[in-house]
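*Asks:* Heads up: the sequence shown at position 141 corresponds to 171 in this note's numbering, and the numbers run straight through without jumps. Don't be surprised by glycine CBs; every beta carbon is placed ideally from N, CA and C.
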Amino acid sequence: MDSVEVSLITCGPGNEVYSLYGHTALRYRDSRSTDVVVNYGLFSFEQDWFILRFLFGITDYRMGIIPFQPFLEAYQEEGRWVKEQTLNLTAAEKYAIGKAIFTMPESERVYRYNYFYNNCTTKARDLVASHLQGTLVYQPCRDKHATFRSMTHQWNAGFPWSRLGNDLLLGIQADRPTSKTEQQFLPDSLSRDFATAIIVDTNGSKRQLVSKTTMLYGADTPTAQTSSHPFTPTLCAWLLFFATLAVARGEHNTHKLLWGYDALLWVAQGLAGLILLAMLFSQHPTVRINFQILIFCPLSLVFAWPVILRLRQHRLHPYLYAYTLLLLVGIIMGGWQRYDTFVYIVSLSLLTRIITLHYRYRTKR
């Protein structure tokens with residue numbers, strides 16, 4: 031075992047949605063013969079219904095053993111930094127990890143993926159921790175108020191549309207404080223925790239988990255990627271708000287109802303609500319309770335046409351009053367669940383539209 035080294039490999043973020051948060055793998059190197067990467071992040075978009083399965087938490091990933099050099103070159107080609115932390119392990123621990131890697135049954139290489147609780151980073155951590163002949167001790171939590179949502183914001187802030195998609199799907203469970211081990215779902219977080227962790231052996235002696243850190247490719251101060259897309263969700267939301275004002279002004283001047291605009295609003299927010307409703311059946315625990323469903327309400331799809339018919343008759347449908355109540359409650363619940371700015375601006379647009387319709391037809395009556 032003197033010729034064997036086991037390392038934690040941490041890779042920087044890429045430009046694809048699935049790569050924004052980086053990647054983690056293990057390197058097993060025997061200077062006499064072997065240099066491979068143990069990669070728990072293997073998946074294929076060609077799987078049947080991949081996106082739907084991912085959203086509902088029923089996607090299977092697998093562990094693969096691949097040569098190290100092609101693995102490194104792939105990240106170099108994408109311009110993503112790669113860091114190696116050599117682990118300070120005993121001969122027995124290295125033997126146990128190597129045995130677990132190379133004798134793992136095929137059935138155990140496939141696992142049910144969960145972004146926060148069971149991903150390529152947590153699987154690599156658990157493989158190391160479960161074969162230590164001592165207790166792995168981390169330094170105290172640096173940020174006791176960090177949540178799943180706030181931690182993902184550190185890496186998707188430069189990609190506002192991806193951030194909006196995450197924030198729309200994530201419910202209130204993503205806003206609770208996380209523990210030290212829960213925060214290690216992110217590759218960079220695990221890397222920083224490993225850097226200061228110690229192993230307490232059965233005899234009480236202590237040793238650092240990491241013996242050496244090497245940047246294999248890229249800068250010494252890794253940073254997240256950014257997008258240069260000019261149309262951000264916030265900008266588009268404000269455009270919707272001003273369009274709502276413009277429609278109201280146009281109706282006032284022409285004395286005609288632009289009911290097509292209302293149809294667009296009700297159908298669009300109802301479809302968004304339908305997606306949130308579907309998340310109730312997801313196996314991801316952080317998406318099931320989502321108060322944004324009060325703002326993007328699936329019932330709007332059912333009542334869209336009756337509401338439009340009433341408006342064309344210069345009357346208000348009772349659903350408008352019920353939805354106004356739901357909308358206000360949904361906005362208030364933003365005090366407990368963190369919403370994207372986009373949601374508040376869209377809520378303002380919807381509320382403004384309802385108020386203008388109410389004022390117009392109540393005044394006429």
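Extract the residue ranges of the beta strand (DSSP E) inside the region 229-276, only unbroken runs of 3 or more that lie entirely within it.
*Replies:* Fully enclosed beta strand (DSSP E) runs of 3 or longer: 236-238, 240-247.
*Asks:* Answer with buried or exposed for Q163, where buried requires no fewer than 16 other C-beta atoms within 10 angstroms of its C-beta.
*Replies:* Sequence index remark: in the sequence shown, residue 163 carries index 133 (1-based). With fewer than 16 Cβ atoms within 10 Å of its Cβ, Q163 is classed as exposed.
*Asks:* To which residues of the same chain is R139 closer than 6 Å at the C-beta, ignoring the five residues directly before and after it?
*Replies:* For the purposes of this step, residue 139 is identified with residue 109 of the sequence shown, where counting begins at 1. The answer, listed in chain order, is R92, M93.
*Asks:* Below 9 Å between beta carbons: does that hold for Y369 and Q322?
*Replies:* To locate residue 369, count along the sequence shown from 1; it is residue 339. To locate residue 322, count along the sequence shown from 1; it is residue 292. In contact: Y369 and Q322 (Cβ atoms closer than 9 Å).
*Asks:* Would you mind stating whether L295 and L355 have Cβ atoms separated by less than 9 Å?
*Replies:* Along the sequence shown, read from residue 1 onward, the residue named residue 295 stands at position 265. Along the sequence shown, read from residue 1 onward, the residue named residue 355 stands at position 325. The answer is no: Cβ separation not under 9 Å.
*Asks:* Less than 9 Å between the beta carbons of T116 and V240, yes or no?
*Replies:* Sequence index remark: in the sequence shown, residue 116 carries index 86 (1-based). Sequence index remark: in the sequence shown, residue 240 carries index 210 (1-based). Cβ atoms of T116 and V240: closer than 9 Å.
*Asks:* Measuring only the C-alpha atoms, how far is A227 from Q238?
*Replies:* Looking up residue 227 in the sequence shown gives position 197. Looking up residue 238 in the sequence shown gives position 208. Each residue's Cα considered, the two are about 6 Å apart.
*Asks:* So, under 8 Å CB-CB, T54 and T151 are touching, yes? Tell me the CB distance rounded to an integer number of Å.
*Replies:* Taking the first residue of the sequence shown as position 1, residue 54 is located at position 24. Taking the first residue of the sequence shown as position 1, residue 151 is located at position 121. Indeed they touch by this definition, with Cβ atoms about 4 Å apart.
*Asks:* State the beta-bridge partners of V36 as determined by DSSP.
*Replies:* Position 6 of the sequence shown, counting from 1, holds the residue named residue 36. According to DSSP, V36 bridges with Y58.
*Asks:* For Y147 and A126, I'd like the C-alpha separation in whole angstroms.
*Replies:* Residue 147 sits at position 117 when you count from the first residue of the sequence shown. Residue 126 sits at position 96 when you count from the first residue of the sequence shown. Each residue's Cα considered, the two are about 24 Å apart.
*Asks:* Quick one, which of Y374, Y353, V359 has its alpha-carbon nearest I385's?
*Replies:* As a first step, residue 385 must be located in the sequence shown, where it is residue number 355. Taking only the C-alpha atoms, the option nearest I385 is Y353.
*Asks:* Using DSSP with H/G/I as helix, E/B as strand and the rest coil, what is M363?
*Replies:* On the sequence shown, residue 363 is found 333 positions in, with the first residue counted as 1. The answer is helix: DSSP assigns M363 an H, G or I state.
*Asks:* How do the region 202-212 and the region 360-369 stand: do at least 3 beta-carbon pairs fall below 8 Å, yes or no?
*Replies:* Yes: the two stretches touch, three or more of their Cβ pairs being nearer than 8 Å.
*Asks:* Less than 9 Å between the beta carbons of R172 and T182, yes or no?
*Replies:* Within the sequence shown, residue 172 is the residue found at index 142, counting from 1. Within the sequence shown, residue 182 is the residue found at index 152, counting from 1. No, the pair does not count as a contact, with Cβ atoms beyond the cut-off.
*Asks:* Less than 9 Å between the C-beta atoms of A267 and F372, yes or no?
*Replies:* Locating residue 267 in the sequence shown gives position 237, where the first residue counts as 1. Locating residue 372 in the sequence shown gives position 342, where the first residue counts as 1. Their beta carbons are under 9 Å apart, which means A267 touches F372 by this criterion.
*Asks:* Should P43 be labelled buried (16 or more other beta-carbon atoms within 10 Å of its own) or exposed?
*Replies:* Position 13 of the sequence shown, counted from the first residue, corresponds to residue 43. P43 should be labelled buried.
*Asks:* Using C-beta distances below 8 Å, list every residue in its chain close to L72, excluding the 5 sequence neighbours before and after it, in chain order.
*Replies:* Here residue 72 refers to the residue found at position 42 when the sequence shown is read from its first residue. Contacts found: Y91, R92, M93, G94.
*Asks:* Considering only their Cβ atoms, is the gap separating A121 from H161 smaller than 9 Å?
*Replies:* Along the sequence shown, one-based indexing puts residue 161 at 131. Along the sequence shown, one-based indexing puts residue 121 at 91. Cβ atoms of H161 and A121: not closer than 9 Å.
*Asks:* Spell out whether any CB of chain C is found under 9 Å from the CB atom of L157.
*Replies:* Checking the listed chains, one finds no chain C in this structure; it contains a single protein chain.
*Asks:* Please report the residue range of the beta strand (DSSP E) in which R92 lies.
*Replies:* In the sequence shown, the residue the question calls residue 92 occupies position 62. Start and end: 90-97.
*Asks:* Kindly indicate the opening and closing residues of the alpha helix (DSSP H) around K153.
*Replies:* Within the sequence shown, the letter at position 123 stands for residue 153. K153 -> alpha helix (DSSP H) spans 150-159.
*Asks:* Roughly how many whole angstroms lie between the Cα atoms of M134 and L378?
*Replies:* For the purposes of this step, residue 134 is taken as the residue at position 104 of the sequence shown. For the purposes of this step, residue 378 is taken as the residue at position 348 of the sequence shown. Each residue's alpha carbon lies about 55 Å from the other.
*Asks:* Taking DSSP as the reference, what is the three-state secondary structure of L50?
*Replies:* As a working note, residue 50 is residue 20 in the sequence shown. Coil.
*Asks:* Which residues share a DSSP beta bridge with K210?
*Replies:* As a position in the sequence shown, residue 210 is number 180, starting the count at 1. In the DSSP output, where bridge partners are listed per residue, K210 has none listed.
*Asks:* Let me know the secondary structure DSSP gives T354 once reduced to three states.
*Replies:* Taking the sequence shown and counting its residues from 1, the one referred to as residue 354 is at position 324. Helix, per DSSP.
*Asks:* Might you give, ordered along the chain, the residues of its own chain that have their beta carbon closer than 6 Å to the beta carbon of H347, omitting 5 neighbours on each side?
*Replies:* One-based indexing of the sequence shown puts residue 347 at position 317. Around H347: P336, V337, R340.
*Asks:* Which residues share a DSSP beta bridge with E141?
*Replies:* Against the sequence shown, residue 141 aligns to sequence position 111. The question names Glu, but residue 141 in the sequence shown is Tyr. Note: Y141 sits in a beta bridge opposite Y91.
*Asks:* Give me the residue from L85, S74, S61 with the minimum Cα distance to H314.
*Replies:* The residue labelled residue 314 in the question sits at position 284 within the sequence shown. When only C-alpha atoms are compared, the closest one is L85.
*Asks:* Please name the residue, chosen from T262, S61, R279, that lies closest to I36 on a Cα-to-Cα basis.
*Replies:* In the sequence shown, counting from the first residue as 1, residue 36 sits at position 6. Inspection of the sequence shows that residue 36 is occupied by Val rather than by Ile. Cα-wise, what sits closest to V36 is S61.
*Asks:* Looking only at its own chain, which residues have a Cβ that is under 7 Å from the Cβ of L396, when we skip the five neighbours before and after it?
*Replies:* Within the shown structure, residues of the chain are numbered from 31 to 395, placing residue 396 beyond reach of any answer.
*Asks:* Among S219, K236, P260, Y349, which one has its Cα closest to the Cα of K113?
*Replies:* Taking the sequence shown and counting its residues from 1, the one referred to as residue 113 is at position 83. Among S219, K236, P260, Y349, the Cα nearest to that of K113 is on S219.
*Asks:* Alpha carbon to alpha carbon, how far is M31 from R59? Give it in angstroms, no decimals.
*Replies:* For the purposes of this step, residue 59 is taken as the residue at position 29 of the sequence shown. For the purposes of this step, residue 31 is taken as the residue at position 1 of the sequence shown. Each residue's alpha carbon lies about 10 Å from the other.
*Asks:* Cα separation between T262 and K124?
*Replies:* Taking the sequence shown and counting its residues from 1, the one referred to as residue 262 is at position 232. Taking the sequence shown and counting its residues from 1, the one referred to as residue 124 is at position 94. Each residue's Cα considered, the two are about 49 Å apart.
*Asks:* Under DSSP, the alpha helix (DSSP H) around K129 begins and ends at which residues?
*Replies:* Mapped onto the sequence shown, residue 129 falls at position 99. Residues 121-132.
*Asks:* With respect to the alpha helix (DSSP H) encompassing Q184, which residues constitute its N-terminal and C-terminal limits?
*Replies:* For the purposes of this step, residue 184 is taken as residue 154 along the sequence shown, with counting starting at 1. Per DSSP, Q184 belongs to the alpha helix (DSSP H) from 178-186.
*Asks:* Using only the alpha-carbon positions, how far apart do A154 and L56 sit?
*Replies:* As a working mapping, residue 154 is identified with position 124 in the sequence shown. As a working mapping, residue 56 is identified with position 26 in the sequence shown. So the two alpha carbons sit approximately 6 Å from each other.
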